[in-house]
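Novice:
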Amino acid sequence: MRTTRIAAGAALAFLGMALPAFAETPTLTISVYGIAQDAYKKDLYDPFEATCGCTLVVETGNSSERLAKLEANKAAPVIDVAAIADFNALEAVRKDLVQPIDVSKLANYNTLYDIAQDPLGGHVAVGYTFYSTSIVYRSDKVSITSWKDLFKPELAGRIALPNITTTQGPSAIYMIDKAEGGTTPDLKAGIDAIAANREGVVTFYERGSQIPQLFEQEEILAAVVGRFGWANIRKLDLPIKWATPSEGQTGGMNVLTLVKGTKNEALALKFIDYWLSKEVQTRLATDLVDSPANKNVEVPAETAESLTYGAETAASLHFIKPADMLENRDAWVAGWNAKVTQ
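Note that the sequence shown covers residues -23 to -1, 1 to 319 in mature numbering (1 follows the signal peptide of the UniProt record, and there is no 0).
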């Protein structure tokens, strides 16, 4: 895990003179994903520091390792605000690692889409970005209108699916299960459909960055990806489209949480509110860092094409309930290992 001090406090040289003491610069420590940190520094961290006259300390890593650090420091928290996946946030709630957010202190709370305002209940988190997951495909080679179309004969040996252990893995299985008429929380119908067609899958990928190269080399004609990876795929000089399957698209959400026992609650709330503001969310959307959770954000059509954007899109997403994720993911992995990776 990497820790970066974004701004250093001003040094005061004492030239043998007795000078009055100066108050220490307030410091806020945040825990975030490691991606796009240069853009976050430009669009969020530096402007906030200029506004608050404070210092931000940024710790990065994936959700699971940062959650583990919160738990390890439960008795003496070192983090004030954590940005994590919604199901990891629920896990933090169950481990008594976060505290409710006083949303009356958030001027931008009511500007969020409804799905982002209180995604876990009890105001223990607010969504700052969400994204869709769907199928991208070579429109000159195949037509895709359903999740079942992944297993068309003409796509055998030409598709890429996310591994179960990735963020997109459960989302892909969830929608395939829905298309197959699944009714059980173990997603058996979806896992069975993938298992029956596993010989036709080029790779169960671990990193979304693999997908553009696979398309470019014409090893695949279709893949399941998160919207945040669409911008790089669109850069390819190939006729690739984003599918809108009849069963819909699934979605994921990242949230901001207030760590229990923080000694900087007031400053933490100011930072959360600033992150949710139209100004910041517009900058991050324009730089294709995050799809905006603030419904007042407006971006050009070309930018919107690379994002999960707009009220209609937000309302159409099928989210896996965080509780369902926590309570069933071990069973999903077990089913996957028994049937798909055997």
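Backbone N, C-alpha and C fix where the C-beta goes; we use that ideal spot for every residue, glycine too.
Identify every residue that forms a DSSP beta bridge with R115.
Specialist: Per DSSP, I217.
Novice: Beta-carbon separation of V310 and R175 under 7 Å?
Specialist: No, these two residues do not count as a Cβ contact at 7 Å.
Novice: Return the Cβ separation of S268 and Y286 in integer angstroms, given the expectation that the two are a contact with Cβ distance under 8 Å.
Specialist: Between Y286 and S268 the Cβ distance is about 6 Å, and since that is below 8 Å, they are a contact.
Novice: Report whether the distance from the Cβ of G104 to the nearest heavy atom of the ligand MG is below 6 Å.
Specialist: Absent from the structure shown: the ligand MG. Ligands present: none.
Novice: I'd like to check one pair, L303 with E68: are the Cβ atoms closer than 7 Å?
Specialist: For E68 and L303, yes; Cβs fall inside 7 Å.
Novice: Pairing CB atoms from the segment 92 to 107 with CB atoms from the segment 136 to 147, are three or more of them under 8 Å?
Specialist: No, the segment 92 to 107 is not in contact with the segment 136 to 147.
Novice: In chain order, what residues of the same chain lie with their CB nearer than 8 Å to the CB of I168, ignoring the 5 residues before and after it?
Specialist: Contacts found: I150, D154, W309, G312, W313, K316 and V317.
Novice: In this structure, how does DSSP classify P54 when only helix, strand and coil are distinguished?
Specialist: Reduced to three states, the DSSP call for P54 is coil.
Novice: Report the option in Y114, W219 and A243 whose CA atom is closest to the CA atom of I197.
Specialist: The residue with the shortest Cα to Cα distance from I197 is Y114.
Novice: For the candidate residues E282, R306, F64 and V75, whose alpha-carbon lies nearest to that of A53?
Specialist: When only C-alpha atoms are compared, the closest one is V75.
Novice: How long is the line joining the alpha carbons of A173 and K247, rounded to whole angstroms?
Specialist: The straight-line gap from Cα to Cα measures roughly 51 Å.
Novice: Within its chain, find whatever has a CB closer than 8 Å to the CB of L89; leave out the 5 residues flanking it on each side and keep chain order.
Specialist: So the qualifying residues of the chain are V103, G104, L253, A270, N271 and K272.
Novice: Measuring CA to CA, which of S116, A60 and I217 is closest to P189?
Specialist: Nearest of S116, A60 and I217 to P189, Cα basis: I217.
Novice: Report the residue from P299, V119 and V9 whose alpha carbon sits nearest the alpha carbon of G228.
Specialist: The option with the nearest alpha carbon to G228 is P299.
Novice: Roughly how many angstroms lie between the CA atoms of D73 and V276, to the nearest whole one?
Specialist: Computed Cα separation, rounded: 38 Å.
Novice: Could you check whether S111 and S223 sit closer than 7 Å to each other, using their CB atoms as the reference points?
Specialist: No, the Cβ-Cβ distance between S223 and S111 is not below 7 Å.
Novice: Can you grab the Cα-Cα spacing for the pair G98 / P77, in whole Å?
Specialist: Each residue's alpha carbon lies about 10 Å from the other.
Novice: Going by CA-CA distance only, name the one from E183, Y182 and A199 that's closest to S116.
Specialist: Cα-wise, what sits closest to S116 is A199.
Novice: Evaluate D146 with the Cβ neighbour count: other Cβ atoms within 10 Å of its Cβ, from every protein chain shown; 16 or more gives buried, anything less gives exposed.
Specialist: The residue asked about is misnamed: residue 146 is Gly in this sequence, not Asp. With 16 or more other Cβ atoms within 10 Å, it is buried.
Novice: DSSP three-state label for L233, please.
Specialist: L233 falls in the strand class under three-state DSSP.
Novice: Return the Cβ separation of V9 and T37 in integer angstroms, given the expectation that the two are a contact with Cβ distance under 8 Å.
Specialist: The pair is a contact, with the Cβ atoms about 6 Å apart (cut-off 8 Å).
Novice: Applying the 10 Å Cβ sphere with the 16-neighbour rule, what's the burial state of E157?
Specialist: Buried, since its Cβ has 16 or more Cβ neighbours within 10 Å.
Novice: Less than 8 Å between the CB atoms is what I'm expecting for G203 and T144, so what's the real figure, rounded?
Specialist: Right, the Cβ-Cβ distance comes to about 7 Å (below 8 Å), so this counts as a contact.
Novice: Could you have a look at I153 and say whether DSSP puts it in helix, strand or coil?
Specialist: Reduced to three states, the DSSP call for I153 is helix.
Novice: Output needed for residue 320: all residues of its chain with C-beta closer than 6 Å, excluding positions within five of it in sequence on either side, in chain order.
Specialist: Residue 320 lies beyond the range of the chain shown here (-23 to 319); nothing can be said about it.
Novice: Using the three-state DSSP reduction, which class does N271 fall into: helix, strand or coil?
Specialist: Reduced to three states, the DSSP call for N271 is strand.
Novice: Report back the beta-carbon spacing between L294 and S109 to the nearest angstrom; my notes put them in contact at under 8 Å.
Specialist: Indeed, because the Cβ distance is near 6 Å, the residues count as touching under 8 Å.
Novice: Should A245 and G177 be called a contact, given that it needs their Cβ atoms to be closer than 7 Å?
Specialist: Not closer than 7 Å, so no.
Novice: Whole angstroms are fine: how far does the CA of P162 sit from the CA of Q319?
Specialist: Each residue's Cα considered, the two are about 22 Å apart.
Novice: How many Å lie between T259 and P130 at the Cα?
Specialist: Rounded to the nearest angstrom, the two C-alpha atoms are 43 Å apart.
Novice: Tell me which residue opens and which closes the alpha helix (DSSP H) that G167 is part of.
Specialist: Element bounds for G167: K165 to A173.
Novice: Which runs of the beta strand (DSSP E) spanning at least 3 residues fall entirely within the segment 82 to 145, listed in chain order?
Specialist: List check, beta strand (DSSP E) in window: 103 to 115 and 136 to 139.
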